[in-house]
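Beneath this line is the structure, given in structure tokens, with notes to follow.
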Amino acid sequence: MGRQAYLAKIAFGRSAFEPTEEVTESDEYIQLATSQSDEPLPERYREAKANNYIQLYDERGNPINPRAHAYGKQLRDAQNDVLASVGVIERRRSPAEGLPGSYEERLDELESEETVGNTLALTSTVLENLCTWWIGSIRDRLLTFRIPDAIPFLQIVASERAASGNSIAYTGFTSRLVSTIGIQALVYGAYVYQPVDRLVQLTRASSKTRRFIRRSRSVLTFGFRLGLEVLFYPLSYHANLQRLGLLPARPLLPFWKSFIPFSPSSPLTPLSVHHAATSGSAVSIAKAIVTSPMVVIIAEHFYERWIYSAIFEAVETFIIRPDNADIESPDVISKDRATSILGLQRRSPRLIRNAINKMLVVLGWAEPVVLDEAERKPSLDSLTGAGQGIEVAGAQITDLTPVNVPVSRIDRPDTDGTNDSTQPITIPADTAERSLRPTTPPTPPASDNGDNDPRIRITSREGIVEMECFLSSLSSFG
1021 MGRQAYLAKI
1031 AFGRSAFEPT
1041 EEVTESDEYI
1051 QLATSQSDEP
1061 LPERYREAKA
1071 NNYIQLYDER
1081 GNPINPRAHA
1091 YGKQLRDAQN
1101 DVLASVGVIE
1111 RRRSPAEGLP
1121 GSYEERLDEL
1131 ESEETVGNTL
1141 ALTSTVLENL
1151 CTWWIGSIRD
1161 RLLTFRIPDA
1171 IPFLQIVASE
1181 RAASGNSIAY
1191 TGFTSRLVST
1201 IGIQALVYGA
1211 YVYQPVDRLV
1221 QLTRASSKTR
1231 RFIRRSRSVL
1241 TFGFRLGLEV
1251 LFYPLSYHAN
1261 LQRLGLLPAR
1271 PLLPFWKSFI
1281 PFSPSSPLTP
1291 LSVHHAATSG
1301 SAVSIAKAIV
1311 TSPMVVIIAE
1321 HFYERWIYSA
1331 IFEAVETFII
1341 RPDNADIESP
1351 DVISKDRATS
1361 ILGLQRRSPR
1371 LIRNAINKML
1381 VVLGWAEPVV
1391 LDEAERKPSL
1401 DSLTGAGQGI
1411 EVAGAQITDL
1421 TPVNVPVSRI
1431 DRPDTDGTND
1441 STQPITIPAD
1451 TAERSLRPTT
1461 PPTPPASDNG
1471 DNDPRIRITS
1481 REGIVEMECF
1491 LSSLSSFG
């Protein structure tokens, strides 16, 4: 019947892959209306024995044998089980089965290691600053007061300890710690909760206002950090006076009324004790601003943060470290995000990067620096800034206007704590190459191996065991 149906379709000029017009059945064969695997087999076929075999045909008239398919699947599953037991292959686990026990144990171990590492890092940072705090106090007193040059350093330290007692080791530390933690917490909160964007959406600002906010984002960033420094200035002022020995070590924090602007207890007034800013003269106002303790302390904090971020970024970029972990830590993204928010991923100046790279190369902790593609190739701004143009498809194009289009990237954008969400990002070349590189397909689980596609076949001839693997159109023998 199958041969007759197949020849009949060819004789009538019809495709051999089309279903037959009529589904026929007799005592010797049964034609199925559909050969889908989820369709139940006819009862006559299931009850047939070896002496009364009934042939099945699919909807196209071709003979099929579902029992052979089922036996082949069981044989392949058994072969894969043998190969998996000896370590030749590794089965792909079904998502419903969950993670293997060993992998879950490795995740738990990694989480415990991250917890212990973070605890040790935080503890060591606090202890390091606490143990070296007295050195900064001695340094500030040497730079502020007139101490004869002939006095040895050890004698200076002994005299300062005799004057301040054991409190010289921690005086001003609590105020500075609270100020630093408060500023960083508010910066992180501003980046996470996006107050400016929320306000713009709540007030339904016009497109002109939105455009102005986007263009003024850097100014808003600087103003936000400056406002935080002014807000926490009483803590910094109190810590500096304690380090200089002008205030006792107790109380650890300043009086709460010092946070009220322009109050008698506020350190914001007067602006300067050497020059009056109320005279109306521009020179007097400039001298009052330059000699103001608030301006000096805030400038010191900005300069200190810039130096720290420049050194931190260069060291983190060049230092050699393992970069291909077996299991990626779940805290990597959050740590990178935190460092980016605090401004620690801003690219360092070239002079600082080269100096740190040479020092690390001498120590054997880094490899020689290689210029990036962005530094080797001239930018569009440099080509069009002097009235020049570029050549595209043999035509010279001039008067170009560069357009900054945000693109997707893997690296986190550099930010300093405000709602900067339009920074362009680039994808590293090696990452893109790895993503496009073909990978070896894993062995499917037994539940997915329902078709008649023998991927692995084991044969034994004259005492020699051969394994034949089929991967799409590529086959290998071993």
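Taking the working numbering, the leading residue of the sequence shown gets 1021, the next gets one more, and so forth.
Cβ atoms here follow ideal geometry from the backbone N, Cα and C, with glycine treated the same way.
Just so we're clear, the structure is a prediction, and the values are computed from it rather than from any experiment.
Measure the beta-carbon distance from residue i to residue j and round it to whole angstroms, keeping in mind my assumption that it falls under 8 Å.
i     : j     : result
P1369 : A1306 : Incorrect: roughly 29 Å between the Cβ atoms, too far for contact.
R1161 : L1261 : With a Cβ gap of about 12 Å, R1161 and L1261 do not count as contacting.
L1255 : P1274 : 6 Å
Q1214 : L1362 : Not quite, the Cβ-Cβ distance comes to about 17 Å (not below 8 Å), so this is no contact.
V1216 : L1240 : 7 Å
A1259 : R1196 : 4 Å
A1189 : W1154 : 5 Å
Y1208 : A1358 : 7 Å
Once the 5 residues before and after residue i are set aside, which same chain residues still bring their CB inside 7 Å of it?
i     : result
E1333 : L1364, Q1365, R1366, R1367 and S1368
A1296 : S1304 and A1308
I1233 : V1216 and V1220
W1276 : none
N1186 : none
F1252 : S1199, G1202 and I1203
L1130 : I1347 and S1349
Using three-state DSSP, classify residue i as helix, strand or coil.
i     : result
Q1214 : coil
A1345 : coil
Q1365 : coil
I1376 : helix
P1274 : coil
P1083 : strand
Y1073 : coil
R1111 : strand
I1280 : coil
A1205 : helix
A1308 : helix
A1104 : helix
Y1123 : helix
A1053 : coil
A1098 : helix
A1386 : strand
How many Å lie between residue i and residue j at the Cα?
i     : j     : result
S1292 : E1180 : 28 Å
T1152 : L1127 : 37 Å
R1064 : R1111 : 37 Å
D1343 : S1349 : 12 Å
S1105 : Q1099 : 10 Å
V1315 : Y1123 : 55 Å
S1184 : W1326 : 32 Å
G1384 : I1340 : 9 Å
A1302 : N1138 : 51 Å
E1336 : R1373 : 11 Å
N1082 : G1107 : 40 Å
F1173 : T1191 : 20 Å
I1309 : T1145 : 34 Å
L1147 : L1222 : 45 Å
R1087 : D1346 : 44 Å
T1404 : R1237 : Caution is warranted here: a pLDDT of 48 is assigned to T1404, below 50, making its placement in the model unreliable, and the coordinate value is therefore given only provisionally. C-alpha separation (whole angstroms): 26 Å.
F1279 : S1286 : 6 Å
V1352 : S1227 : 37 Å
F1499 : A1225 : Any question about residue 1499 goes unanswered here, given that the chain covers just 1021 to 1498.
L1266 : F1322 : 24 Å
E1133 : P1313 : 45 Å
T1143 : I1171 : 36 Å
T1164 : P1290 : 20 Å
P1268 : A1182 : 14 Å
E1320 : N1149 : 18 Å
E1324 : G1156 : 14 Å
P1499 : A1053 : Nothing can be reported for residue 1499: it is not among the residues displayed for the chain, which extend from 1021 to 1498.
G1095 : R1034 : It is worth fixing the name first, because residue 1095 is Leu in this sequence and not Gly. For L1095 and R1034, the distance between alpha carbons rounds to 37 Å.
H1089 : R1080 : 18 Å
So, for residue i: in the same chain, excluding its five sequence neighbours on each side, which residues have a beta-carbon less than 8 Å away from its beta-carbon?
i     : result
N1377 : A1334, F1338, A1386, P1388 and V1389
S1050 : The residue you asked about is not Ser; residue 1050 is Ile in the sequence shown. Correct list, in chain order: P1062, R1064, Y1065, I1074, Q1075, L1076 and Y1077.
P1281 : L1288
I1176 : I1158, L1162 and I1167
N1085 : L1076
Please return the same chain residues whose Cβ sits closer than 6 Å to the Cβ of residue i, not counting the five positions on each side in sequence.
i     : result
L1272 : T1194
P1284 : none
F1032 : none
I1318 : E1249
Which runs of the alpha helix (DSSP H) fall wholly inside the segment 1134-1193 and span at least 4 residues, in chain order?
-> 1153-1164 and 1173-1184
For the segment 1312-1358, list the alpha helix (DSSP H) runs that are entirely contained and at least 4 residues long, ordered along the chain.
-> 1313-1338
Which ranges would you report for the alpha helix (DSSP H) in the segment 1229-1270 if only whole runs of at least 4 residues count?
-> 1237-1251 and 1253-1263
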